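Residue numbers (the working numbering): 2 to 114.
This is the structure in structure tokens:
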């Protein structure tokens, strides 16, 4: 005669009153907390992390190395535009200061010529 599967509530191969799982398994189950389980669970990388990893692998295979963000860019020509702008702003500041002084010293004479 063939064996039939155990019906709900029946123990498979265990005597009546004897637990199906050993006590050690239950003790381990009780000691594990959700935090410990989450800490030991493997973490799957995000989609962005997978895309970046794939791009870096392709660059390594092609021998491409991006410039480091702290890398020295090398010698550069001095820019003349900021120096010129500073001179113009300085001259404008001096002219405004002279105008303010003239108005403060003789407000009636400056405005009425």
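All C-beta atoms, glycine included, are put in the ideal place defined by N, C-alpha and C. None of the values given here were measured: they were computed from a predicted structure.
Please report the distance separating the alpha-carbon of residue i from that of residue j.
| i | j | result |
| --- | --- | --- |
| residue 70 | residue 101 | 47 Å |
| residue 85 | residue 77 | 18 Å |
| residue 58 | residue 38 | 32 Å |
| residue 88 | residue 66 | 42 Å |
| residue 21 | residue 27 | 10 Å |
| residue 56 | residue 45 | 18 Å |
| residue 29 | residue 63 | 50 Å |
| residue 98 | residue 79 | 31 Å |
| residue 110 | residue 104 | 8 Å |
| residue 72 | residue 106 | 56 Å |
| residue 95 | residue 54 | 57 Å |
Would you give the residue range spanned by the alpha helix (DSSP H) that residue i belongs to?
| i | result |
| --- | --- |
| residue 98 | 82 to 106 |
| residue 38 | 35 to 41 |
| residue 27 | 24 to 32 |
| residue 73 | Careful: residue 73 lies outside any alpha helix (DSSP H) and carries neither H nor E. |
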